[in-house]
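Below: one structure, written as structure tokens.
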Amino acid sequence: MPVSVDSSALKTATLEVIKAAAGVIDITKANILVLAGGGIGSRENLSLVQELAEASRGSISCSRSVADIGWLTSEYQVGISANYVTSNIYIACGISGASQHVTAMRDSGLIIAVNKDANAPILWVAHYGIVSDLFEVVPALIKKAREQ
Ligand SMILES: Cc1cc2nc3c(=O)[nH]c(=O)nc-3n(C[C@H](O)[C@H](O)[C@H](O)COP(=O)(O)OP(=O)(O)OC[C@H]3O[C@@H](n4cnc5c(N)ncnc54)[C@H](O)[C@@H]3O)c2cc1C
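Here the sequence shown is numbered in this note's numbering, starting from 813 and rising by one per residue.
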């Protein structure tokens with residue numbers, strides 16, 4: 813139905829539209845996403861997730877934990893406050909699966925999650941859940957992806 817809203821009554825406004833920096837990949841168009849979550853523990857460990865992204869010909873992305881701390885910019889963040897994604901393959905490394913994250917990725921094709929906590933909510937939406945330490949699993953996935 814037609815809606816008429818008095819703009820003076822709006823409590824939100826677009827202040828600025830920030831263009832993605834040159835070279836940044838549009839994760840909403842990626843076929844394969846490999847995500848780093850808070851479970852990676854440090855910026856240095858991002859390279860492990862990046863390696864898996866490259867080996868599987870995908871793009872790196874992240875949860876808000878990683879973007880907020882500045883290890884990746886928000887262009888790479890999946891979630892209600894950043895990007896909604898529907899990649900064919902989505903691989904979460906150390907992501908808990910908070911609702912603000914899951915809402916924006918649950919329509920992905922094949923969801924694979926690595927988490928050492930068997931009760932992590934990401935495992936409820938994952939097609940394949942690997943309950944283990946990502947620092948053991950991710951190198952094995954990199955090896956397998958390279959073999960393929
Ligand atoms: C209004 C609002 C908007 C939000 N928007 C977003 C959003 O857009 N995107 C988003 O992602 N979040 C968003 N959040 C934040 C969200 O609620 C979570 O805090 C965030 O998603 C947590 O990120 P994480 O799961 O990566 O990190 P953590 O909560 O730190 O979870 C880390 C996970 O890694 C696992 N882990 C730890 N070490 C290992 C290991 N060695 N091997 C395997 N697993 C391990 C842990 O078991 C845990 O499950 C929003 C919150 C609010 C309130």
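The C-beta atom is built at its ideal place from N, Cα and C for all residues, glycine as well. All of these numbers come straight from a predicted model, not from anything done at the bench.
Not one heavy atom of ligand 1 sits closer than 6 Å to the Cβ of Asn900. In the structure shown, Ser911 falls within a helical segment according to DSSP collapsed to helix, strand and coil. With a cut-off of 8 Å on Cβ pairs, the segment 928-935 is not in contact with the segment 891-900, counting fewer than three such pairs.
Secondary-structure assignment with DSSP links Gln889 through a beta bridge to Cys874. Taking 6 Å as the cut-off, one finds no heavy atom of ligand 1 near enough to the beta carbon of Gln862.
For Ala925, the uninterrupted beta strand (DSSP E) run begins and ends at Leu922 to Asn927, by DSSP. At a cut-off of 6 Å, the beta-carbon of Asn927 counts as near ligand 1: some heavy atom of the ligand is closer than that.
Ser877 has its Cβ nearer than 6 Å to a heavy atom of ligand 1. Relative to ligand 1, the beta carbon of Ser893 is positioned inside 6 Å of a heavy atom. By alpha-carbon distance to Ile881, the top candidate from Ala925, Pro814 and Leu858 is Leu858.
For Asp818, the CB stays at least 6 Å from every heavy atom of ligand 1. The beta-carbon distance between Ile903 and Val846, rounded to whole angstroms, is 5 Å. This is short enough to meet the 8 Å contact definition. In this structure, Ile924 keeps its C-beta atom at 7 Å or more from the C-beta atom of Ile844.
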